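Protein chains: 2
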Amino acid sequence: MTDAPSKDQAGVSPALPSWNEGPAKAGLLEYVARVTEPGSPDFIPPSERIAVFDNDGTLWPENPIPFQAAFIMDRLKEGLGDHPEWAEDPAVQSALKLDVRALVDDGHRGLLRIVSLTHAGMTTDAFTERVNHWMHTARHPRYERPYDACIYQPMLELLRYLRAQDFKTFIVSGGGADFMRVWSERVYGIPPEQVVGSHGQVTFEVRDGEAVLHKSTDGIFVDDKEGKPVGIHQFIGRRPVLAFGNSDGDKAMLEYTTLGNPRPSLGLILHHTDGEREYAYDAEPRSTGKLVEALADAPERGWVVVDMARDWSTVLLNEPFPAESPSSP
Amino acid sequence: MTDAPSKDQAGVSPALPSWNEGPAKAGLLEYVARVTEPGSPDFIPPSERIAVFDNDGTLWPENPIPFQAAFIMDRLKEGLGDHPEWAEDPAVQSALKLDVRALVDDGHRGLLRIVSLTHAGMTTDAFTERVNHWMHTARHPRYERPYDACIYQPMLELLRYLRAQDFKTFIVSGGGADFMRVWSERVYGIPPEQVVGSHGQVTFEVRDGEAVLHKSTDGIFVDDKEGKPVGIHQFIGRRPVLAFGNSDGDKAMLEYTTLGNPRPSLGLILHHTDGEREYAYDAEPRSTGKLVEALADAPERGWVVVDMARDWSTVLLNEPFPAESPSSP
Numbered sequence: 032m033t034d035a036p037s038k039d040q041a042g043v044s045p046a047l048p049s050w051n052e053g054p055a056k057a058g059l060l061e062y063v064a065r066v067t068e069p070g071s072p073d074f075i076p077p078s079e080r081i082a083v084f085d086n087d088g089t090l091w092p093e094n095p096i097p098f099q100a101a102f103i104m105d106r107l108k109e110g111l112g113d114h115p116e117w118a119e120d121p122a123v124q125s126a127l128k129l130d131v132r133a134l135v136d137d138g139h140r141g142l143l144r145i146v147s148l149t150h151a152g153m154t155t156d157a158f159t160e161r162v163n164h165w166m167h168t169a170r171h172p173r174y175e176r177p178y179d180a181c182i183y184q185p186m187l188e189l190l191r192y193l194r195a196q197d198f199k200t201f202i203v204s205g206g207g208a209d210f211m212r213v214w215s216e217r218v219y220g221i222p223p224e225q226v227v228g229s230h231g232q233v234t235f236e237v238r239d240g241e242a243v244l245h246k247s248t249d250g251i252f253v254d255d256k257e258g259k260p261v262g263i264h265q266f267i268g269r270r271p272v273l274a275f276g277n278s279d280g281d282k283a284m285l286e287y288t289t290l291g292n293p294r295p296s297l298g299l300i301l302h303h304t305d306g307e308r309e310y311a312y313d314a315e316p317r318s319t320g321k322l323v324e325a326l327a328d329a330p331e332r333g334w335v336v337v338d339m340a341r342d343w344s345t346v347l348l349n350e351p352f353p354a355e356s357p358s359s360p
Numbered sequence: 032m033t034d035a036p037s038k039d040q041a042g043v044s045p046a047l048p049s050w051n052e053g054p055a056k057a058g059l060l061e062y063v064a065r066v067t068e069p070g071s072p073d074f075i076p077p078s079e080r081i082a083v084f085d086n087d088g089t090l091w092p093e094n095p096i097p098f099q100a101a102f103i104m105d106r107l108k109e110g111l112g113d114h115p116e117w118a119e120d121p122a123v124q125s126a127l128k129l130d131v132r133a134l135v136d137d138g139h140r141g142l143l144r145i146v147s148l149t150h151a152g153m154t155t156d157a158f159t160e161r162v163n164h165w166m167h168t169a170r171h172p173r174y175e176r177p178y179d180a181c182i183y184q185p186m187l188e189l190l191r192y193l194r195a196q197d198f199k200t201f202i203v204s205g206g207g208a209d210f211m212r213v214w215s216e217r218v219y220g221i222p223p224e225q226v227v228g229s230h231g232q233v234t235f236e237v238r239d240g241e242a243v244l245h246k247s248t249d250g251i252f253v254d255d256k257e258g259k260p261v262g263i264h265q266f267i268g269r270r271p272v273l274a275f276g277n278s279d280g281d282k283a284m285l286e287y288t289t290l291g292n293p294r295p296s297l298g299l300i301l302h303h304t305d306g307e308r309e310y311a312y313d314a315e316p317r318s319t320g321k322l323v324e325a326l327a328d329a330p331e332r333g334w335v336v337v338d339m340a341r342d343w344s345t346v347l348l349n350e351p352f353p354a355e356s357p358s359s360p
């Protein structure tokens, strides 16, 4: 064990203060030290230090329902006032019962129906405003704080640590790209152009001398499972060297990062073991984030399993809430 | 006119040495100075300084045929040896006659057919190797140098100048993303993740313990005309403040950048007026890059028209050829 990687850029504070000493933290620091040490046979040039992170269940919780589902539910309830006929729709009925599984089965058909009802046709700018408004007003039912203040403190520290070591950090999530890009830079320091997510086509129009884009649910790309390496190739255009996920939806991304990669690589899985501070789940059938196959493959693949209860001294954000975008005028 | 913007970071060498003094250079420098001056009412925070560049005809020539078409032609001729039946295909016949217009008409149907014949099913890694091999061996018929040594010196200087002013430079091109990403970082300093281009779906597979992606021509996205703002939204996720193109295929991108943008913005068009040093064309019917509507709109929109013959003292790269990738081990 070396001292070097436990110091941050200034050479004073220990890196990853909210990570307990143990095999997960040691594995992370050892890998980063090995690939960033000039002259090391495992050295990776900075431009190839691509690190990809799942979002729901990896950078913030995905319970009691994924946060974007909560956003859509709130939009749906607002819309029902003007559109009582929506109540007849089976997808709307599943949504109102919080039956997320029914919404995502059959290729996310139910979820797409809800998204179509609540968002299709609106401009991307209007959508951004709605997301911003919701983030400022909605509260997580258990933690009683804004959803974007529920991010994991240890992961925020890891993102910053990697960036200080010249890694470029990306989100690769099944969540909507348009939804995440509104707050990803302010909250995680990850700019919109480093967010890969599910998305529908938009259409371009010049209207009254202004260029606008309208959202649609045509040509939906679902950035989950095998869609993750596909999205990584399409959006990033090179193979990551570090991938961090928490569910079987991240298995293909972990494989793409670590199997046959000519560069030294690291795969990590966050295991939700902490029912006291967060939510304990993996194979539980009603959970949206299922972790069975990837966990079984981890030992053979050499993927590091991060045990939330054991490895994290803090779970949620414990520093001042990032209320203002660094890029706001 | 102020002195400040004509100095580079070191404060010594003049910026944009291959640009002649005149309205185009002055307009560029004035805009950059105005939006980067702290305290200026037009100040744009660094994270929002997104600059997008067309590639064919903007960063390098697109004559006598677009360079990627030359690559595909070379692949086609190689393939014909093993597949004499290809010669019966109307798309192949158009290609062998260099009838680029016939290939791109009808939604690029002929071109896609050729791409499908020559590349579908191969792995992305094998494709990268082919592109690298071609770049090292093929020569431009007129300039008698590698295609990637035919890039425009003044544009290379502009890319560097903008990056020194904390702009993030992106390619937004109708060319293939997989084709451009092989050399964009080495040649332009633009990394793969900042290249938006046309692309087909890839498929993911773990084969013999290695993760691979296969190319296909399914679900093609054509990053041209209205596809450019759509691609910008999908890949970059925010509106650029500077756009540089050279044809009507860039008109929608210029509109998206400049019409109704809450930030001060700049649109630029390269006008190919220099038949001696390069190629003179705009409305010529056989040209792949047609510049009619965007040129007509330029005065009203305030887009800066760069006249190659008047505004550039040098055209092609006049510094050591970027043979080695900065990220090569």
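Protein chains in written order, with my numbering: chain A, 32 to 360; chain B, 32 to 360.
Beta carbons: idealized from backbone N, C-alpha and C, even for Gly.
Values in this document were obtained by computation on a predicted structure and should not be read as measured data.
Test: residue i CB closer than 7 Å to a CB of chain A
i              : result
P115 (chain B) : no
R212 (chain B) : yes
Q265 (chain B) : yes
G333 (chain B) : no
L260 (chain B) : The sequence as given places Pro at residue 260 (chain B); Leu does not occur at that position. Cβ-Cβ to chain A under 7 Å: yes for P260 (chain B).
V237 (chain B) : yes
A274 (chain B) : no
L129 (chain B) : no
E224 (chain B) : yes
A314 (chain B) : no
R269 (chain B) : yes
Y287 (chain B) : yes
E175 (chain B) : no
L244 (chain B) : yes
V323 (chain B) : no
Run of the alpha helix (DSSP H) containing residue i, from where it starts to where it stops
i              : result
V66 (chain A)  : 54 to 67
F102 (chain B) : 98 to 113
A329 (chain B) : 324 to 332
V218 (chain A) : 215 to 219
H264 (chain B) : 258 to 266
S125 (chain A) : 121 to 127
Run of the beta strand (DSSP E) containing residue i, from where it starts to where it stops
i              : result
S204 (chain B) : 199 to 207
F275 (chain A) : 273 to 276
D338 (chain B) : 335 to 338
V233 (chain A) : 233 to 238
L90 (chain A)  : Per DSSP, L90 (chain A) belongs to no beta strand (DSSP E) and is neither H nor E.
L361 (chain B) : As displayed, chain B neither begins before 32 nor continues past 360, which places residue 361 (chain B) out of reach and without an answer.
S71 (chain A)  : That residue, S71 (chain A), is in no beta strand (DSSP E); it is neither H nor E in DSSP.
F84 (chain A)  : 81 to 84
G280 (chain B) : Unbroken run through G280 (chain B): none, as it is neither H nor E.
V226 (chain B) : 226 to 229
With 16 other Cβ atoms within 10 Å as the buried cut-off, status of residue i
i              : result
N86 (chain A)  : buried
F352 (chain A) : exposed
T168 (chain B) : exposed
V323 (chain B) : exposed
G231 (chain B) : buried
S278 (chain B) : buried
P115 (chain B) : exposed
S296 (chain B) : buried
S71 (chain A)  : exposed
P121 (chain A) : exposed
P36 (chain A)  : Caution is warranted here: a pLDDT of 43 is assigned to P36 (chain A), below 50, making its placement in the model unreliable, and the coordinate value is therefore given only provisionally. P36 (chain A) should be labelled buried.
D239 (chain A) : exposed
C-beta neighbour in chain B for residue i, strict 7 Å
i              : result
F158 (chain A) : no
L290 (chain A) : yes
S78 (chain A)  : yes
V227 (chain A) : no
A82 (chain A)  : no
Residue i at chain E interface by Cβ criterion, 7 Å
i              : result
H230 (chain B) : You won't find chain E in this structure, because its protein chains are A and B.
Contact the segment 63 to 76 of chain B vs the segment 190 to 207 of chain B: 3+ CB pairs below 8 Å | yes
At least three beta-carbon pairs within less than 8 Å, the segment 248 to 266 of chain A to the segment 215 to 235 of chain B = yes
Could you give the uninterrupted runs of the beta strand (DSSP E) lying entirely in the segment 287 to 320 of chain B, keeping only those of 3 residues or more?
-> Listed in chain order, the complete beta strand (DSSP E) runs (minimum 3 residues) inside the segment 287 to 320 of chain B are 297 to 304.
Taking only runs of the beta strand (DSSP E) that begin and end inside the segment 148 to 190 of chain B, which ones reach a length of at least 3 residues, in chain order?
-> none
Between the segment 237 to 250 of chain A and the segment 154 to 166 of chain A, do three or more beta carbon pairs fall short of 8 Å?
-> The count of Cβ pairs closer than 8 Å, one atom from the segment 237 to 250 of chain A and one from the segment 154 to 166 of chain A, reaches three, so the stretches are in contact.
Segment contact, 8 Å Cβ cut-off, at least three pairs: the segment 276 to 293 of chain B with the segment 302 to 322 of chain B = yes
Are three or more beta carbon pairs between the segment 290 to 305 of chain B and the segment 213 to 231 of chain B nearer than 8 Å?
-> no
Can we say the segment 297 to 307 of chain A touches the segment 323 to 338 of chain A, given the rule of at least three CB pairs closer than 8 Å?
-> yes
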